[in-house]
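To get our numbering, take the position in the sequence shown, counting from 1, and add 13.
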Amino acid sequence: MIPPIASRFVAGETPAELLEHARQLEARGVRTICNRLGEHYERPEPAIEDRDAYCELLTDIANAGLGACVSVKPSQIGLGIGEATFRENLAVIVDQAAEHDQFVWIDMEDHSTTDVTLDAYAEHAAEYERVGVCIQANLKRTPEDLHRLADLPGKVRLVKGAYDEPAAIAHREKSRVNEAYRDCLDLVFEEFDGGIAVGSHDPAMIEHAIERHDEFGTEFEIQMLMGVREEAQVELAEEYDVWQYAPYGGKWLSYFSRRAMERKENLAFALRAVAGR
């Protein structure tokens with residue numbers, strides 16, 4: 014059983030529990046981005062297991078008639094084994110999604126994975142537009158990456174970035190990260206035709222995105238984590254397209270521990286969320 018402190022952030026251990034969470038959430042106007050817990054595999058067996066689990070989940074979502082989608086981590090489906098393994102497993106998942114006309118997000122991990130992740134995304138977006146990729150505003154390279162992605166038909170999820178990256182390649186001060194995030198929002202709303210996902214819980218950033226939407230008319234959606242500002246998610250869904258990123262699976266302890274310990278800000282964030290702040 015998942016303890017209360019973790020169950021706030023994890024939708025359950027089984028696909029059935031996840032789908033029930035998605036069903037309840039959808040009834041409140043918020044759709045679900047489903048992520049099976051697991052990452053940093055160095056052997057092919059668990060990567061294949063999770064690949065197949067995503068394929069089954071896509072079928073279950075379609076059969077349930079839900080408006081949910083999935084989001085996969087590159088290291089979960091073989092990047093730690095090799096780029097070829099990652100690409101092969103991702104292709105299987107995207108093919109399964111295409112069979113059901115469903116959406117697949119590709120999560121972004123630390124800076125060492127950026128190039129291979131963007132290359133894989135660009136390849137699939139050129140052939141199947143219902144794919145998306147996460148971009149981290151704290152990386153100094155991100156504006157250049159966004160210019161590269163502007164003309165692709167997929168979606169981009171813009172987040173601040175949770176990894177503790179070196180100062181040589183990333184903004185580390187909170188104020189500078191916030192400034193970079195605003196600059197990236199300005200860029201995507203002005204240069205993209207659509208396909209923008211604002212991945213943030215920060216009311217100031219969401220308001221900035223809404224202002225840019227009102228100015229440029231660019232379509233966008235808002236994405237937040239399960240367990241964080243959930244009432245705000247429902248309220249925003251009355252006017253905007255809102256998605257909740259909901260992890261599930263048996264690896265909840267390692268997920269919760271790693272997210273809390275990666276950076277001190279993450280731990281403080283989790284504690285504030287549990288306290289309802």
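The C-beta atom is built at its ideal place from N, Cα and C for all residues, glycine as well.
Rounded to whole angstroms, the Cβ separation of residue 221 and residue 237 is 16 Å, and the two are not in contact under 8 Å. When beta bridges are read from the DSSP output, residue 119 appears opposite 85 and 146. Counting C-beta atoms within 10 angstroms of its own C-beta, residue 76 has fewer than 16 neighbours from the protein chains shown and is therefore classed as exposed. With contacts defined as CB atoms closer than 9 Å, residue 253 and residue 224 fail to qualify as a contacting pair. Taking C-alpha positions only, residue 243 is separated from residue 260 by approximately 15 Å. Runs of the alpha helix (DSSP H) lying entirely within the stretch 152-217, each at least 4 residues long, are 155-162 and 187-204 in chain order.
Distance check between residue 69 and each of 25, 78 and 110 places 110 closest, using alpha-carbon atoms only. Cβ-Cβ separation between residue 207 and residue 170: approximately 13 Å, too far for a contact (criterion under 8 Å). By a beta-carbon distance limit of 8 Å, residue 80 contacts residue 44. Their separation comes to about 5 Å. Annotation note: the stretch 18-106 contains the following uninterrupted alpha helix (DSSP H) runs of length 4 or greater, listed N- to C-terminal: 28-40 and 57-77. For the pair residue 96 and residue 117, the CB atoms are not nearer than the 9 Å cut-off.
For residue 132, the secondary structure class from DSSP, reduced to helix, strand or coil, is helix. In this structure, the beta-carbon distance from residue 147 to residue 107 does not fall below 9 Å. With contacts defined by Cβ atoms closer than 9 Å, residue 165 and residue 138 form a contacting pair. The beta carbon of residue 263 sits closer than 8 Å to the beta carbons of 26 and 50 from its chain, once the five residues preceding and following it are set aside; these are given in chain order.
The C-beta of residue 210 has 16 or more other C-beta atoms within 10 Å across all chains shown, which makes the residue buried. At least 9 Å separates the beta-carbon of residue 174 from that of residue 198. One Cα belongs to residue 33, the other to residue 181, and the distance between them is close to 44 Å. Taking every protein chain shown into account, the CB of residue 114 has fewer than 16 other CB atoms within 10 angstroms, so this residue is exposed.
For residue 255, the enclosing beta strand (DSSP E) stretches over residues 254-261. The three-state reading of DSSP puts residue 112 in helix, counting H, G and I together. Of the other Cβ atoms in all chains shown, fewer than 16 fall within 10 Å of the Cβ of residue 196; this residue is therefore exposed. Apart from sequence neighbours up to five positions away, no residue of its chain approaches residue 131 with a beta-carbon distance below 6 Å.
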